[in-house]
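J.: Structure incoming, see below.
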Amino acid sequence: MKEVEVQMSFKGVESGILYLVPTPIGNLEDMTFRSVRTLQEVALIASEDTRNTQKLLNHFEITTPQRSFHEHNYKERIPQLIEILQRGESIAQVSDAGMPSISDPGHELVVACLAAGIKVVALPGPTAGLTALIASGLMPQPHYFHGFLPRKKKEQLTVLETFKEQEATIIFYESPHRIQKTVQVMMEVFGESRQAVVCRELTKLHEEYLRGTLEELNRYLKEHTIKGECCLMVSGSTEVAEGIVDPRSLKEQVEALIASGSKPNDSIKEVAKRNQLKKQVVYNEYHEIE
Numbered sequence: 001m002k003e004v005e006v007q008m009s010f011k012g013v014e015s016g017i018l019y020l021v022p023t024p025i026g027n028l029e030d031m032t033f034r035s036v037r038t039l040q041e042v043a044l045i046a047s048e049d050t051r052n053t054q055k056l057l058n059h060f061e062i063t064t065p066q067r068s069f070h071e072h073n074y075k076e077r078i079p080q081l082i083e084i085l086q087r088g089e090s091i092a093q094v095s096d097a098g099m100p101s102i103s104d105p106g107h108e109l110v111v112a113c114l115a116a117g118i119k120v121v122a123l124p125g126p127t128a129g130l131t132a133l134i135a136s137g138l139m140p141q142p143h144y145f146h147g148f149l150p151r152k153k154k155e156q157l158t159v160l161e162t163f164k165e166q167e168a169t170i171i172f173y174e175s176p177h178r179i180q181k182t183v184q185v186m187m188e189v190f191g192e193s194r195q196a197v198v199c200r201e202l203t204k205l206h207e208e209y210l211r212g213t214l215e216e217l218n219r220y221l222k223e224h225t226i227k228g229e230c231c232l233m234v235s236g237s238t239e240v241a242e243g244i245v246d247p248r249s250l251k252e253q254v255e256a257l258i259a260s261g262s263k264p265n266d267s268i269k270e271v272a273k274r275n276q277l278k279k280q281v282v283y284n285e286y287h288e289i290e
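So, in structure tokens, the structure goes:
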């Protein structure tokens with residue numbers, strides 16, 4: 001009932017609206033007509049980095065004034081923005097790239113607006129995690145978005161251990177300077193053979209997907225320096241708990257591994273190992289050879 005009452009309280013209220021406006025994660029052509037129009041019509045734009053957003057505004061000839069809103073000043077900014085909204089003026093909140101609140105500022109402002117009975121409207125648009133996921137080749141659903149891991153190895157290990165049995169594809173964000181060390185830590189937790197994909201420079205000219213096992217990616221990243229913010233996706237666990245017999249047929253087990261990004265031959269070999277069978281037995285059942 002509480003949520004219904006809040007929604008009903010918007011009726012007749014003359015306060016402004018907080019618009020959550022996604023911005024391109026690389027390619028400016030991903031900016032929607034609605035997003036451009038919203039940025040033109042609001043009274044103020046709350047920006048993570050006003051200098052970065054100004055480049056976007058200049059490109060689309062938007063003259064709306066900005067006010068900085070980021071992780072270091074949000075506590076003092078929120079009361080100011082709420083006051084503007086309560087006067088009946090609308091505000092657009094943007095991050096440097098992608099969706100506000102997703103590994104970026106915004107959530108605290110949304111909570112404050114809802115508490116004050118101010119309407120919040122989210123516009124659809126670019127988000128790096130899902131964009132990379134659907135082209136990764138890993139299972140798109142179920143998936144789990146985590147974002148950035150802690151920087152210290154000990155804390156990373158603690159977080160990753162909680163995902164060890166996770167069956168969903170896991171989405172992380174990482175800096176190009178830390179990506180190799182992060183993959184190395186993941187190998188310790190998930191094992192060398194877990195399938196993973198690194199996507200860099202998403203939607204830009206040099207967009208690239210690196211696909212393979214964690215061990216293969218680790219070896220590549222040791223030998224190559226990559227640039228651009230990275231999206232790191234790791235396939236979910238396909239392990240069956242010790243002592244429990246997998247109820248799926250051999251063919252279904254192979255298909256599950258292939259769906260997670262493993263190559264057919266590697267999948268057949270892995271299923272044979274798990275079931276303590278000869279590879280040829282699994283091969284024949286997968287290909288339905290009598």
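Per full-length UniProt numbering, the very first residue in the sequence shown carries number 1; after that it's consecutive. We treat Cβ as the ideally placed atom computed from N, Cα and C, and that holds for glycine.
Please name the residue, chosen from Glu41, Glu285, Arg77, Arg194, that lies closest to glutamate 252 on a Cα-to-Cα basis.
T.: Considering only alpha carbons, the answer is Glu285.
J.: Within 10 Å of its beta-carbon, does arginine 34 have 16 or more other beta-carbons around it, so buried, or fewer, so exposed?
T.: Exposed: under 16 other Cβ atoms inside 10 Å.
J.: By how many angstroms is the C-alpha of histidine 59 removed from the C-alpha of glycine 26?
T.: 13 Å
J.: Taking only three categories from DSSP, how would you classify serine 262?
T.: coil
J.: Express the C-alpha separation of leucine 232 and lysine 152 in angstroms, rounding to a whole number.
T.: 17 Å
J.: If you check the beta carbons only, do leucine 157 and histidine 143 fall under 9 Å apart?
T.: no
J.: For the alpha helix (DSSP H) holding lysine 154, just list the boundary residues, first then last.
T.: Per DSSP, lysine 154 belongs to the alpha helix (DSSP H) from 153-161.
J.: Counting C-beta neighbours from all protein chains within 10 Å, is the total for asparagine 218 16 or more, i.e. buried, or is it exposed?
T.: buried
J.: Assign glycine 261 to buried or exposed, taking buried as 16 or more other Cβ atoms, counted over all protein chains shown, within 10 Å of its Cβ.
T.: Around the C-beta of glycine 261, 16 or more other C-beta atoms lie within 10 Å, and the residue is accordingly described as buried.
J.: To which residues does DSSP link valine 42 through a beta bridge?
T.: BP columns for valine 42 are empty, so no partner.
J.: Per DSSP, what kind of secondary structure is glutamine 253 in: helix, strand or coil?
T.: helix
J.: Since glutamine 66 and threonine 50 should fall inside the 8 Å C-beta cutoff, what is the C-beta to C-beta distance between them, to a whole number of angstroms?
T.: 5 Å
J.: Under 9 Å between the Cβ atoms of alanine 135 and valine 21?
T.: no
J.: Determine the extent of the alpha helix (DSSP H) in which isoleucine 82 is found, giving its start and end residues.
T.: 74-86
J.: Quick one: what's got a C-beta closer than 8 Å to phenylalanine 148's C-beta in the same chain, skipping five residues either side?
T.: Ser103, Phe172, Tyr173, Glu174
J.: Quick one: what does DSSP say glutamate 242 is sitting in, helix, strand or coil?
T.: Because glutamate 242 carries a pLDDT of 46, less than 50, the predicted location of this residue cannot be relied on, and the following value inherits that uncertainty. In the structure shown, the three-state DSSP call for glutamate 242 is coil.
J.: Determine the direct distance from the alpha carbon of proline 100 to that of histidine 107, and round the result to whole angstroms.
T.: If I take the Cα positions, the gap works out to 8 Å.
J.: Excluding the 5 residues preceding and the 5 following proline 140 in the sequence, name in chain order all residues of the same chain whose CB lies nearer than 6 Å to its CB.
T.: Leu133, Ile134
J.: Compute the distance between the beta-carbons of serine 68 and leucine 18, then report whether it is under 9 Å.
T.: Cβ atoms of serine 68 and leucine 18: not closer than 9 Å.
J.: Excluding the 5 residues preceding and the 5 following alanine 241 in the sequence, name in chain order all residues of the same chain whose CB lies nearer than 6 Å to its CB.
T.: Only weak support exists for where alanine 241 lies, its pLDDT of 46 falling under 50; the coordinates are left without a value.
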